Amino acid sequence: MQKAPWLLWLLEAMQRGQEGLLRLWHALGWTPVVDGQPAWPWAQRLAGEHLLLDVGQARALAGGLVAAALVVVLLLLAWLGGRRRRLRWGLLASAGLVAVLAPWPSAQVLWVPASPRSFHHNPVPFSDTAIAAGAGHYQRLCVACHGTTGNGQGPQAARQAVWPPSFTGPLLWRRADGDLLHAVRQGLTTAGGQPSMPGFAEQLTVAQSWELLHFLRAQAAGQLLQLSGSWAMPVALPDMALRCPGQPWQRVRDLQRQRVRLVGLEDVQGLLPDPRMLTLWLPPEGRAVGAVLPAAVDCVVTSGTEARQALRWLTGSEALQQTQLLADKSGWLRARNDRGADSWSEGDLVCRLADAGAAVPASTAEDSLTRLLRSMDSQPVVYVKGGSLHGGAGRRGAPRDQAAS
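Counting along the sequence shown from 1, when you hit position 255 you're at 254 in numbering that gives the first Met the number 0, and nothing is skipped either side.
Right, dumping it as structure tokens:
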């Protein structure tokens, strides 16, 4: 969703300021390492995600910061005023008045409880292998309560202190990686202190915990797509192993600032080469691919089993033989065509800005795919996860933020 630039700048400043303070504390030896990353030493943190939902409180914070800066300037001028007592007292009175009248947001909105892992970032790439591995962890440890689709309707759900949450929504995108990791490893309790979810620090390594979180987001993305026909939050094209004859690319992450078309079609001979994008082919299971690729194919996905599993979770569909996916230059999946034909329309957009406004003007001579690509380019994805700004430019920097913020 697109937000005002000043709000995004404010959220980014809050996040960078807290992360900078954490790095300083760690460099001074005042905070330990937990799960391989510096631990947040305080019981609370600034809640940028709350300000995103309550713009009025964000405006109050911005106004308060401007007022604080003005107070500092007035105090400095008063100090420089020297012996001019009338001027100095006037400046001091003005500073006090500004401080009293300054707007400030509610402390309950601005601050939220924090854990030692609140500012941890996922170091495991968002890849097909990580998603497939996370699926195994989920089946082993989570499915009994959270259900096979993550809707919180597992066979053991009713026996819990509180009903397990449903992941088929934006919950996993709005929470910071570190807070989710803390829940997985340490568990959760109710307001009364009763355990509501066990921790799995003994059953999962740190890397496996990160893999589980990748799977949860992939599963939630597929369920959202099946239920609503679109993604409420951005979803990245997973990193996958490639074979690209004549090119040095070995993985999806090597495709710098390129649009990507991923096709799962059984027959790609009918596809036409398109210089506006790179075409990756995920052949059907058991299909042998020769050394020479079809003319329209730039690369073939070599991690077949894991790639198919990951994409089935991401799309919520078992049928990939008719599927084509488009990723923008920053690596976000933006459009899906499951008609099995090389025809597109703007209705195929599954990730678009909710407040994008009027459609991009198009020439009558343009084909539907050109209009679709122009819509993608004119609406770059930016979103906030746990108070941290993600997206923008940079292949594949933005989606790796989904994996490693």
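A virtual CB, placed ideally from N, CA and C, is assigned to each residue, including glycine. As the structure is a computational prediction, the values presented were derived from the model and not from experiment.
Would you kindly work out how many angstroms separate the C-alpha atoms of residue i and residue j, rounded to a whole number?
i    : j    : result
L324 : A334 : 6 Å
A61  : Q17  : 17 Å
W331 : P163 : 29 Å
G186 : Q268 : 51 Å
L371 : P274 : 15 Å
S114 : A42  : 7 Å
D53  : P169 : 17 Å
A39  : S374 : It is Trp, not Ala, that sits at residue 39 in the sequence shown. So the alpha carbons of these two residues sit roughly 40 Å apart.
P197 : A134 : 19 Å
Q218 : L211 : 10 Å
V142 : A294 : 43 Å
R84  : V71  : 18 Å
Determine the contact status of residue i and residue j, defining contact as a CB-CB distance below 8 Å.
i    : j    : result
L281 : A318 : no
V299 : L310 : no
W312 : G191 : no
R258 : K328 : yes
F125 : A235 : yes
D140 : F214 : A small correction: the amino acid at residue 140 is Leu; Asp does not occupy that position in the sequence shown. Going by C-beta atoms, L140 is not nearer than 8 Å to F214.
A59  : P4   : no
L45  : M13  : yes
L86  : G80  : yes
Buried or exposed for residue i, please, with buried defined as at least 16 other CB atoms from any protein chain shown within 10 angstroms of its CB.
i    : result
E284 : exposed
Q155 : exposed
S344 : exposed
T147 : exposed
D366 : exposed
Q138 : exposed
S117 : buried
R184 : buried
Going along the chain, which residues of its own chain have a beta-carbon closer than 8 Å to the beta-carbon of residue i, five neighbours each way excluded?
i    : result
D297 : C243, Q246, L277, T278, L279
Q56  : H49, L50, P104, S105, V108, L109
With a CB to CB cut of under 7 Å and the five nearest residues on each side skipped, what residues in its chain are close to residue i?
i    : result
T189 : A160, V161, S195
G35  : V205
C144 : G153, Q155, A156, Q159, P163
Out of the options, state which residue places its alpha-carbon closest to the alpha-carbon of residue i.
i    : options                : result
V348 : F118, L212, W24, W230  : A quick correction: the sequence has Leu, not Val, at residue 348. Residue W230 is the option with its Cα nearest to L348.
A131 : Q308, S344, L271, L270 : Q308
L69  : V97, L20, A38, G315    : V97
L271 : T30, S342, G133        : S342
G315 : Q255, L223, A290, A240 : L223
Q225 : G289, D337, P112, D376 : D337
A66  : S93, G151, R83, V288   : S93
Spell out whether any CB of chain C is found under 8 Å from the CB atom of residue i.
i    : result
G285 : No chain C is present in this structure, which holds just one protein chain.
Quick one: what's got a C-beta closer than 6 Å to residue i's C-beta in the same chain, skipping five residues either side?
i    : result
A326 : L236, V259, L332
T128 : E305
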